Every structure is written in structure tokens, then in C-alpha cells.
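Remarks on the structure that follows.
Protein chains: 2
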Amino acid sequence: MELKPISERFILHWGEMGSRWGVNRTVAQIHALLYLAGRPMEAEEIASTLGVARSNVSTSIKELQSWKLVRTVHLKGDRRDHFETSTDVWELFRLIVEGRRQREIDPTIDVLNGFLSNPDLANEDEGAQQRIRETLEFIQILTTWSDEMLRLKPETLMKMLGIGAKLSQTFRKGSSSE
Amino acid sequence: MELKPISERFILHWGEMGSRWGVNRTVAQIHALLYLAGRPMEAEEIASTLGVARSNVSTSIKELQSWKLVRTVHLKGDRRDHFETSTDVWELFRLIVEGRRQREIDPTIDVLNGFLSNPDLANEDEGAQQRIRETLEFIQILTTWSDEMLRLKPETLMKMLGIGAKLSQTFRKGSSSE
DNA sequence: CATCAATTTCTGTACTTACAGAAATATTCG
DNA sequence: CGAATATTTCTGTAAGTACAGAAATTGATG
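Protein chains in written order, with our numbering: chain A, 1 to 178; chain B, 1 to 178.
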């Protein structure tokens with residue numbers, strides 16, 4: 001597939017953003033490509049469109065699947081795997097937040113909980129103890145709240161957040177549960 | 001300074017987290033150290049405590065200052081710079097979100113706006129156009145809302161978010177404006 | 001204003017991560 | 001079940017990033 005200029009720039013920018021947030025550039029690019037394409041694509045087409053090796057696509061797709069951002073579909077009369085992503089921004093956002101949470105936040109909470117139930121904690125400076133406790137509590141509050149928010153339909157959420165109705169119509173497509 | 005075991009593990013974990021979010025490991029470690037220490041430290045002490053080169057501390061501190069996470073203070077009768085960070089989790093969170101916003105979100109909004117005011121956009125597939133518009137709108141809604149939230153005092157925010165009062169007391173120290 | 005301490009910038013090296021291409025494996029179809 | 005095609009895993013190289021140590025600069029003090 002030959003990319004049109006704006007799509008190409010969108011995809012490149014997305015790759016840049018990915019890098020800055022700890023996401024492999026190619027992974028981010030592939031996701032952006034599938035997002036803009038809005039249709040299932042097979043590995044070879046992805047590779048040639050982005051100018052990367054097919055093996056790289058394979059690895060990156062696996063990564064995207066582990067985030068549940070991409071699913072495999074099959075087209076009648078074609079034995080190759082085709083890959084697609086949701087075109088719903090809100091759903092994508094939700095999946096990314098959930099992925100980050102599982103990979104980084106939850107383990108961090110475990111580590112901090114470990115510290116608090118460790119008798120050695122008493123040896124630390126009073127202030128440090130206090131701050132470790134506060135850090136844990138902060139993270140827990142934030143994740144609890146974000147869990148609740150992500151469970152809502154976007155329209156409901158928009159209302160809750162007190163954002164004007166004119167904007168919320170963007171999300172008319174709806175997605176997610178509840 | 002000799003780190004006590006739990007502080008050390010906290011700092012190392014923070015460094016790991018930093019890496020995963022696109023923040024230099026040493027930068028994250030230094031910040032964690034200053035956070036737990038809760039007092040100003042000078043470059044040499046930071047370097048020896050963390051086992052990194054002094055030059056590395058210099059660069060990292062500059063980075064942290066550009067995020068407004070660390071400020072320089074001077075102690076009477078000591079010509080060396082000393083560095084400290086806030087011990088208020090909420091304030092730190094606010095500064096990090098604001099930094100990310102300025103560095104990554106705002107430029108992305110500019111790029112997307114550029115696409116929308118570019119006549120070439122008409123050449124793109126209808127669906128792609130639509131999705132570019134939706135992406136921009138989504139990001140704008142999110143940042144508008146986060147701006148509003150971050151301007152609130154933590155207690156007010158907690159109430160808004162409907163989180164029980166028992167938790168919000170963690171943030172009694174207060175910070176930020178409004 | 002010369003000396004000394006502190007700090008920053010520069011430079012080469014080490015480490016890490018990304019990735020292409022090759023090889024191996026799996027899958028589909030006749 | 002064998003051939004053809006698709007996919008994944010492996011491996012070496014390349015690119016990028018982090019960092020120590022050296023050199024240069026800044027700035028304070030007598």
C-alpha cells in the first residue's frame with residue numbers, strides 16, 4: 001500500500017511518540033497504520049508499506065496482540081493472517097491504560113506493599129517511611145479511580161467530567177462495556 | 001550517604017519504572033533519592049550514594065530542573081549547589097503530567113491541527129480523515145480535563161472523583177493552587 | 001586578580017535495544 | 001503426505017542511548 005502524505009506523517013509522528021513513552025517505534029507505527037487503514041492488513045503489506053522487515057512486523061504484531069490492541073482475522077479464500085485494530089479512540093486508550101497498569105503499576109504496588117510489610121522498614125528514616133506509604137496510597141487512589149472511569153461509557157464519562165455535550169458527540173460510535 | 005536497604009530498593013525500582021516510561025534511569029533514581037531523603041543534597045553526595053559519575057548527576061539534575069521537579073538551594077557557609085525536590089506526591093504528579101503535556105501532547109496537537117488545515121487532507125481516505133479528527137478531539141478533551149483537575153487542591157479533587165474521605169487525608173499536606 | 005573549588009560540557013566507550021536476513025517451524029492444500 | 005506458502009524464532013549487526021572521565025568553564029574567595 002502506498003501511503004498518502006498525511007497518513008505517512010501521522011504514522012511517523014506516532015512512532016516518535018511511542019519512543020518517548022517507552023514503546024518501540026515500529027510497534028507504534030504498525031498500530032497507527034492499522035488504525036488509519038481501518039481494515040485488516042497482512043504482514044507483507046504492513047512490512048512493505050512501512051519499509052520494515054517482515055520479521056519485525058511479526059514481532060511487533062505479537063507485542064500489539066499482548067496489549068489486545070490488534071487481533072488476527074482471516075479473509076475468505078486467503079490463508080494468510082490479517083491484522084486489524086479498533087478504530088475507536090476511546091477503546092484504544094482504555095486498552096493502553098489497562099496494559100500499562102498490568103505491566104507497571106500493579107508490580108509497583110506489589111513492591112511497595114512488600115516494603116510496608118517488611119520489618120526492615122523500621123530502620124528507615126521516619127520521613128522516608130512516610131513517603132513510601134504516601135506513594136503507595138497515591139498510586140492506589142489513582143488506579144482505583146481510573147479503573148472506575150474506564151469502565152464507563154464515554155458519554156457517561158464526559159458528563160461526569162463536566163465536559164460540554166457538543167464535544168461528547170465525537171464519541172457517538174460508542175464502545176466498551178457498562 | 002549509605003542507603004538503607006528499603007530506600008535502595010525503592011530507588012532502583014523507580015529507575016526501572018523510569019526506563020519503561022521513557023525516562024533516563026539515572027534521572028529517575030536521582031529524583032527518587034531526593035524524594036526519600038527529603039533534604040537538599042549536593043552533587044558529590046548524590047553521585048557517591050548512587051554510584052554514578054558526578055558528570056552524570058550534573059546532566060540528570062539539569063533534566064530534572066527542566067521538569068521543575070528539582071530546585072537548587074544553598075546552605076549557609078557552603079558554596080556548593082544543593083538540590084531538593086518536593087515531598088508532596090500530588091505536586092510531583094502534577095509537575096510530571098505538565099511536563100509530558102508540554103513536551104509531547106502539545107506538539108502532537110499542533111501536528112494534528114496542521115493536518116486538518118492542510119488541503120492535502122482531502123486526498124486521504126474518508127475514514128482516515130475521520131479518525132485523524134477524532135484523535136485530535138480526543139486528545140484535546142483529555143488535556144482540557146486534566147488541566148482542570150490538576151488545578152484543584154487534592155482534597156477538592158478527591159471529593160469530585162468521589163473517593164472516600166478516609167483516603168483523601170493522606171494528602172493533608174496540600175500543595176498546588178486554587 | 002590569581003587561586004581554588006565547583007560545575008558543566010565534551011568525547012570516546014560501553015551498554016542496550018532495534019532490526020534485517022536467515023533458518024527453522026508451522027500450516028494449508030492438493 | 002509432500003509441496004508450497006506463511007509465520008516465527010534466532011543471530012549477528014547496526015543504531016541509539018547512557019555514561020565515565022577528561023577538559024573547559026564558571027564563579028567565589030582572599
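Even glycine gets a Cβ: it sits at the ideal position worked out from N, Cα and C.
A quick note: this is a predicted structure, and the numbers were derived from the prediction, not measured.
Output yes if chain A places a C-beta closer than 9 angstroms to the C-beta of residue i; else output no.
{"i": "residue 104/B", "result": "yes"}
{"i": "residue 67/B", "result": "no"}
{"i": "residue 87/B", "result": "yes"}
{"i": "residue 124/B", "result": "yes"}
{"i": "residue 72/B", "result": "no"}
{"i": "residue 121/B", "result": "yes"}
{"i": "residue 151/B", "result": "no"}
{"i": "residue 131/B", "result": "yes"}
{"i": "residue 59/B", "result": "no"}
{"i": "residue 141/B", "result": "yes"}
So is residue i buried or exposed if we call it buried at 16+ other beta carbons inside 10 Å?
{"i": "residue 87/A", "result": "buried"}
{"i": "residue 131/B", "result": "buried"}
{"i": "residue 51/A", "result": "exposed"}
{"i": "residue 136/A", "result": "buried"}
{"i": "residue 15/B", "result": "buried"}
{"i": "residue 34/A", "result": "buried"}
{"i": "residue 119/A", "result": "exposed"}
Which value, in whole angstroms, describes the spacing of the CA atoms of residue i and residue j?
{"i": "residue 124/B", "j": "residue 22/B", "result": "32 angstroms"}
{"i": "residue 17/A", "j": "residue 78/B", "result": "42 angstroms"}
{"i": "residue 151/A", "j": "residue 94/A", "result": "9 angstroms"}
{"i": "residue 114/A", "j": "residue 144/A", "result": "19 angstroms"}
{"i": "residue 2/A", "j": "residue 49/A", "result": "6 angstroms"}
{"i": "residue 25/B", "j": "residue 105/A", "result": "17 angstroms"}
{"i": "residue 38/B", "j": "residue 126/A", "result": "10 angstroms"}
{"i": "residue 158/B", "j": "residue 44/A", "result": "49 angstroms"}
{"i": "residue 90/A", "j": "residue 27/A", "result": "19 angstroms"}
{"i": "residue 7/A", "j": "residue 128/B", "result": "8 angstroms"}
{"i": "residue 62/A", "j": "residue 156/B", "result": "43 angstroms"}
{"i": "residue 121/B", "j": "residue 70/A", "result": "26 angstroms"}
{"i": "residue 60/A", "j": "residue 19/A", "result": "14 angstroms"}
{"i": "residue 46/A", "j": "residue 111/B", "result": "24 angstroms"}
{"i": "residue 5/B", "j": "residue 4/A", "result": "55 angstroms"}
{"i": "residue 116/B", "j": "residue 84/A", "result": "25 angstroms"}
{"i": "residue 68/B", "j": "residue 107/A", "result": "27 angstroms"}
{"i": "residue 66/A", "j": "residue 12/A", "result": "22 angstroms"}
{"i": "residue 138/A", "j": "residue 99/B", "result": "19 angstroms"}
{"i": "residue 103/A", "j": "residue 103/B", "result": "24 angstroms"}
{"i": "residue 92/A", "j": "residue 142/B", "result": "14 angstroms"}
Is residue i close to chain B? Criterion is C-beta to C-beta, closer than 9 angstroms.
{"i": "residue 4/A", "result": "yes"}
{"i": "residue 7/A", "result": "yes"}
{"i": "residue 17/A", "result": "yes"}
{"i": "residue 178/A", "result": "Here the model assigns residue 178/A a pLDDT of 32, short of 50, so the residue's position is not dependable, and the following value carries that caveat. By this cut-off, residue 178/A is not an interface position."}
{"i": "residue 135/A", "result": "yes"}
{"i": "residue 82/A", "result": "no"}
{"i": "residue 28/A", "result": "no"}
{"i": "residue 182/A", "result": "With chain A covering only 1 through 178, there is no way to say anything about residue 182/A."}
{"i": "residue 156/A", "result": "no"}
List the endpoints of the continuous alpha helix (DSSP H) containing residue i.
{"i": "residue 80/B", "result": "Where residue 80/B is concerned, there is no enclosing alpha helix (DSSP H), given that its DSSP letter is neither H nor E."}
{"i": "residue 149/B", "result": "126 to 151"}
{"i": "residue 65/A", "result": "54 to 66"}
{"i": "residue 99/B", "result": "89 to 100"}
{"i": "residue 110/B", "result": "106 to 116"}
{"i": "residue 236/A", "result": "Here chain A covers residues 1 to 178 and nothing more, so residue 236/A does not appear."}
{"i": "residue 5/A", "result": "5 to 20"}
{"i": "residue 45/B", "result": "43 to 50"}
Please go through the same chain and pick out, in chain order, the residues whose beta-carbon is closer than 8 angstroms to the beta-carbon of residue i, but skip the five residues on each side of it.
{"i": "residue 10/B", "result": "32, 36"}
{"i": "residue 146/B", "result": "97, 101"}
{"i": "residue 82/B", "result": "40, 41, 42, 72, 73, 74, 75"}
{"i": "residue 56/A", "result": "26, 47"}
{"i": "residue 58/B", "result": "43"}
Along the chain, where does the beta strand (DSSP E) that runs through residue i open and close?
{"i": "residue 181/B", "result": "With chain B represented from 1 up to 178, any question about residue 181/B goes unanswered, as that position is not in the structure."}
Once the 5 residues before and after residue i are set aside, which same chain residues still bring their CB inside 7 angstroms of it?
{"i": "residue 140/B", "result": "109"}
{"i": "residue 64/B", "result": "27, 30, 31, 70"}
{"i": "residue 149/A", "result": "157"}
{"i": "residue 54/B", "result": "43, 44, 47"}
{"i": "residue 133/B", "result": "116"}
With hydrogens ignored, establish whether the beta-carbon of residue i is closer than 8 angstroms to any heavy atom of the ligand ZN.
{"i": "residue 67/B", "result": "Here there are no bound small molecules, and the ligand ZN is not part of this structure."}
Near residue i, which residues of its chain fall below 6 angstroms by C-beta distance, leaving aside the five closest residues on each side in sequence?
{"i": "residue 80/A", "result": "42"}
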